[in-house]
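Asks: Read top to bottom, the protein sequences are chains L and B.
Read in order, the letters of the first sequence are residues 7 to 335 in the working numbering.
Read in order, the letters of the second sequence are residues 7 to 335 in the working numbering.
From the three backbone atoms N, C-alpha and C, an ideal C-beta is built for every residue, glycine too.
Okay, handing you the structure first.
There are 2 protein chains.
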Amino acid sequence: MKQVTINDIAKLAGVAKSTVSRYLNGGSVGKATREKIERVIRETKYEPNQFAQSLKSKQTKMIGVIVPRLDSYAASRTMMGIDERLTEYGYQMLVVNTAQQTEREIEQLYNLAKQKVAGIIWLGTTVTQAHLQAIAAIQIPVLLIGQQHDDVHSLVYPDYESAYALGQQFMEWGHRDIIYVGVAEDDIAVGQARRDGFLRAFNEAGAVVRSMTTTFRIDDAIPIGEQLATDVTDATLVVCATDNIALGVLKGLANGGKRVPDDISVSGFGGYDFTEVLHPSLTTVHLPYRRTGSRAADMILQLLTGEATPMKTFTTFELKLRESVDMLN
Amino acid sequence: MKQVTINDIAKLAGVAKSTVSRYLNGGSVGKATREKIERVIRETKYEPNQFAQSLKSKQTKMIGVIVPRLDSYAASRTMMGIDERLTEYGYQMLVVNTAQQTEREIEQLYNLAKQKVAGIIWLGTTVTQAHLQAIAAIQIPVLLIGQQHDDVHSLVYPDYESAYALGQQFMEWGHRDIIYVGVAEDDIAVGQARRDGFLRAFNEAGAVVRSMTTTFRIDDAIPIGEQLATDVTDATLVVCATDNIALGVLKGLANGGKRVPDDISVSGFGGYDFTEVLHPSLTTVHLPYRRTGSRAADMILQLLTGEATPMKTFTTFELKLRESVDMLN
DNA sequence: AAATGTTGCGGAACCGGTTCCGCAACACAA
DNA sequence: TTGTGTTGCGGAACCGGTTCCGCAACATTT
Chain L
7 MKQVTINDIA KLAGVAKSTV SRYLNGGSVG KATREKIERV IRETKYEPNQ
57 FAQSLKSKQT KMIGVIVPRL DSYAASRTMM GIDERLTEYG YQMLVVNTAQ
107 QTEREIEQLY NLAKQKVAGI IWLGTTVTQA HLQAIAAIQI PVLLIGQQHD
157 DVHSLVYPDY ESAYALGQQF MEWGHRDIIY VGVAEDDIAV GQARRDGFLR
207 AFNEAGAVVR SMTTTFRIDD AIPIGEQLAT DVTDATLVVC ATDNIALGVL
257 KGLANGGKRV PDDISVSGFG GYDFTEVLHP SLTTVHLPYR RTGSRAADMI
307 LQLLTGEATP MKTFTTFELK LRESVDMLN
Chain B
7 MKQVTINDIA KLAGVAKSTV SRYLNGGSVG KATREKIERV IRETKYEPNQ
57 FAQSLKSKQT KMIGVIVPRL DSYAASRTMM GIDERLTEYG YQMLVVNTAQ
107 QTEREIEQLY NLAKQKVAGI IWLGTTVTQA HLQAIAAIQI PVLLIGQQHD
157 DVHSLVYPDY ESAYALGQQF MEWGHRDIIY VGVAEDDIAV GQARRDGFLR
207 AFNEAGAVVR SMTTTFRIDD AIPIGEQLAT DVTDATLVVC ATDNIALGVL
257 KGLANGGKRV PDDISVSGFG GYDFTEVLHP SLTTVHLPYR RTGSRAADMI
307 LQLLTGEATP MKTFTTFELK LRESVDMLN
């Protein structure tokens, strides 16, 4: 069960180890020797030691992936997409979790660099100076998903545009008294872009909006729904910044005896699979997480080869207009 | 930006590199030299090269985690738990995805061994001879989660017992005409143990059971629900082998105009978070995925140190009796 | 036939650590 | 003073690859 080394191969084939190495890396090797080496390698099932290789080359066939949470739908789907493509190209995905702590993101950037990953895909929530500094320092291609910054290659969701589009749809359907449930602003994409997209649509139509803030956790949104159920309000629609929030709000409303969409409409954002099988099915924006993961893998691989790659790329989106939002007209 | 090496440290501190190495690994070093080395290391921010270390030691501080799918709730939660604990102990998690293909599990066992992970946590679906052979061959501790086999250390969910308990509860509530929606038998835990647990409870009470089989995908369960909605049947309860199946069945029933639990009851299995916020909230069995992940991390670390560890450990479970199943009496 | 170019291959150095071995310096017991 | 243990440290080998350099053998040109 001992490791077969290049020395063993060399000895068995009766050549120098440098020749074996050259054979493995496509250098010039004569026909006769090539065949000898080939045979020995096949027989011994030789596989090069990756540490020895990396020690010399200062590189690995790994792409680091920094995720804020392991158990978010978006992160899972994105990881699937990344992994799929990476595997095709003989790369491996090294996932590191930051448990939503910004400092850990920075820590992990350095850490991944120490581990000599070939590139890093970063599912970001916010971009700070410390991030940029780290990225500049580590000298490794970094691709940012979900947020944008001029100094980092990024693959971004059209949060603003899709929120605007969905908002316009709601306006068209006659909703004019809206409750918006968002998240804190330090998440630029979700906390700001989505909100601003919606607000623009609402403002353009002259709608009344009441804004509230919660977290990404379902549980925190339930009381908001309950509150809304008891409030005396003329609002016809609750617009939520994520599907999870919508889920909590729906629950809260149900707890308070309100029916959706008969008493009030609710929309989500993100397009989790199961939003379709809810009853009522949830109106939301579908973001192509998985495909985005695949594209991210493609892009980081491109960056590795030094190919020209646009700094910023937008993904598509798709409005899922379903039962949870009523047409008033 | 160049790597600082142990040679640099040795030179700067005016000692031999072996001394530096000894200092780093807790060997005997005099006070004066220790302080010199300490200072130099601090000033240069020296960090040992992991490849060089691994090359010599034939080990890494990584634990491989083999998962069938990256986007399953159970897998995500389990990974969280694993990662949490591993991080505490200075280990890293290397996740590999098998996309539900058994051959890839085996491939990955060998692959992880090649990468010299210290241990492997395997979220299994089925245990074949090829698996056992691989595990024996690679000479690395393997911990199996979710399935069991006498020859492999395993951490297993009480699928049978919890299904039996939940089934008994349903019997107590007076359900006697049951539809069971399960998955294929090649998943021992889900396809067999859960089913058998339920069936035992149903049989003991003399209930009538009709069994159906589907996949783990929500979409595949929808037609089943729809079918059930139109069928002329006296069944009062649909028992599903997973929450996802329950979700699909619920949708199908809703599509067919059936109300849950008024017209018919539905139960799930797994205890996904959002089953609680569904309306109606779903009766299910909660399995402690996250904690199990943490325990798995503990156990694999124990195995590494050669500590005695039981071959088989059961986790707890918790019945979540909620709105989706009616009490008939 | 001599000069020049090409190709195949071996030797040695190197990547950055760890570890074994042996020597020198010192303390302590006899 | 001599002998015996410790302790601290340096030198060298080693882990398993890659790469540079140079030499020999052969092919090609003049």
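(1) Round the Cβ separation of residue 307/B and residue 95/B to the nearest angstrom and send it over; I've been treating them as touching at under 8 Å.
(2) Mind reading off the beta-carbon distance from residue 71/B to residue 43/B? Whole number of angstroms is fine, and I expect it under 8 Å.
(3) Report the neighbours of residue 113/B on chain L: residues whose CB is nearer than 9 Å to its CB, in chain order.
(4) Would you tell me roughly how many angstroms separate the C-alpha atoms of residue 40/L and residue 58/L, rounded to the nearest one?
(5) By the criterion of Cβ-Cβ separation under 9 Å, what are the contact partners of residue 228/B in chain L?
(6) Three-state secondary structure (DSSP) at residue 42/L?
(7) Using the rule of at least 16 other Cβ atoms within 10 Å of the residue's Cβ for burial, across every protein chain shown, is residue 103/B buried or exposed?
(8) Roughly how many whole angstroms lie between the Cα atoms of residue 166/B and residue 108/B?
(9) I need the boundaries of the alpha helix (DSSP H) containing residue 29/B, first residue and last residue.
(10) Can you find a CB in chain L that lies within less than 8 Å of the CB of residue 57/B?
(11) Please check if any C-beta of chain L sits within less than 8 Å of the C-beta of residue 224/B.
(12) Give the DSSP bridge partners of residue 186/L, in chain order.
(13) If we define contact as Cβ-Cβ less than 8 Å, is residue 216/B a contact residue for chain L?
(14) Residues of chain L with CB closer than 8 Å to the CB of residue 121/B, please, in chain order.
(15) Taking Cβ positions, are residue 212/L and residue 335/L nearer each other than 8 Å?
(16) Hey, quick one: how far does the beta strand (DSSP E) through residue 180/B stretch, first residue to last?
(17) Leaving out five residues before and five after residue 13/B in sequence, what residues of the same chain have Cβ atoms less than 6 Å from its Cβ?
(18) By the 8 Å beta-carbon criterion, what residues does the stretch 254-278 of chain B contribute toward chain L?
(19) Scan the stretch 274-299 of chain B and note each continuous beta strand (DSSP E) run of 3 residues or more that stays entirely inside, going in chain order.
(20) Tell me the DSSP secondary structure of residue 86/B in three-state form.
(21) Identify every run of the beta strand (DSSP E) within the stretch 139-171 of chain B, keeping only runs that are complete inside it and at least 3 residues long; order them along the chain.
(22) Taking Cβ positions, are residue 186/L and residue 201/L nearer each other than 8 Å?
(23) Which of helix, strand or coil does DSSP assign to residue 5/L?
(24) Straight-line CA distance for residue 118/L to residue 11/B?
(25) So which of 129/B, 169/B and 114/B has the shortest CA-CA distance to residue 144/B?
(26) Can you check whether the CB of residue 296/L is closer than 8 Å to the CB of residue 86/L?
(27) Which residue wins for smallest C-alpha separation from residue 249/B, given the options 116/B, 326/B, 262/B and 155/B?
(28) From residue 253/L to residue 253/B, what distance separates their C-alpha atoms?
(29) Applying the criterion that 16 or more other CB atoms from any shown protein chain within 10 Å of the CB defines a buried residue, is residue 83/L buried or exposed?
(30) If you follow the beta strand (DSSP E) that residue 233/L is part of, which residue opens it and which one closes it?
(31) Report the rounded CA-to-CA distance for residue 238/B versus residue 106/L, giving the unit in angstroms.
(32) For the beta strand (DSSP E) that residue 107/B lies in, which residues bound it at each end?
(33) Cβ closer than 7 Å: which chain L residues qualify as neighbours of residue 77/B?
(34) Could you name the residues of the same chain whose beta carbon sits closer than 7 Å to that of residue 101/B, not counting the 5 residues immediately before and after it, in chain order?
Replies: Reading from the atomic positions:
(1) Rounded, the Cβ-Cβ distance is 6 Å, consistent with contact.
(2) Taking a contact as a CB-CB distance under 8 Å, the pair residue 71/B and residue 43/B does not count as one, their CB atoms being some 37 Å apart.
(3) Here the premise fails: no neighbours, minimum Cβ distance about 11 Å.
(4) Cα to Cα, residue 40/L sits roughly 23 Å from residue 58/L.
(5) What residue 228/B touches in chain L: 283.
(6) In the structure shown, residue 42/L sits in a helix (DSSP, three-state: H, G or I).
(7) Buried.
(8) A straight-line Cα-Cα distance of about 23 Å links residue 166/B and residue 108/B.
(9) Unbroken alpha helix (DSSP H) run through residue 29/B: 23-30.
(10) Interface residue, yes.
(11) Yes, residue 224/B counts as interfacial toward chain L.
(12) Residue 186/L has 217/L and 245/L as its beta-bridge partners, per DSSP.
(13) Closer than 8 Å: no.
(14) Going along chain L in sequence order, the residues near residue 121/B (Cβ under 8 Å) are 56.
(15) The answer is no: Cβ separation not under 8 Å.
(16) Under the DSSP assignment, residue 180/B falls outside any beta strand (DSSP E); it carries neither an H nor an E label.
(17) Closer than 6 Å at the Cβ level, and outside the excluded window around residue 13/B, lie 23.
(18) Answer in chain order: 254, 256, 257 and 260.
(19) Fully enclosed beta strand (DSSP E) runs of 3 or longer: 290-292.
(20) It is helical.
(21) Runs of the beta strand (DSSP E) inside the stretch 139-171 of chain B: 148-151 and 159-162.
(22) Residue 186/L is a Cβ neighbour of residue 201/L, given a cutoff of 8 Å.
(23) In this structure chain L extends from 7 to 335, so residue 5/L is not present and cannot be described.
(24) Those two C-alpha atoms are separated by around 18 Å.
(25) Distance from the Cα of residue 144/B is smallest, within the candidate group 129/B, 169/B and 114/B, for 114/B.
(26) Contact: yes.
(27) Minimum Cα-Cα distance from residue 249/B among the listed residues 116/B, 326/B, 262/B and 155/B corresponds to 326/B.
(28) Rounded to whole angstroms, the separation of the alpha carbons of residue 253/B and residue 253/L is 14 Å.
(29) Burial call: buried.
(30) Annotation: residue 233/L is outside any beta strand (DSSP E); the continuous alpha helix (DSSP H) that includes it extends over 224-236.
(31) Approximately 51 Å between the Cα atoms of the pair.
(32) No beta strand (DSSP E) holds residue 107/B; DSSP gives it neither H nor E.
(33) By Cβ distance, chain L contributes 82, 83 and 86.
(34) Excluding positions up to five away in sequence, the list reads 71, 73 and 85.
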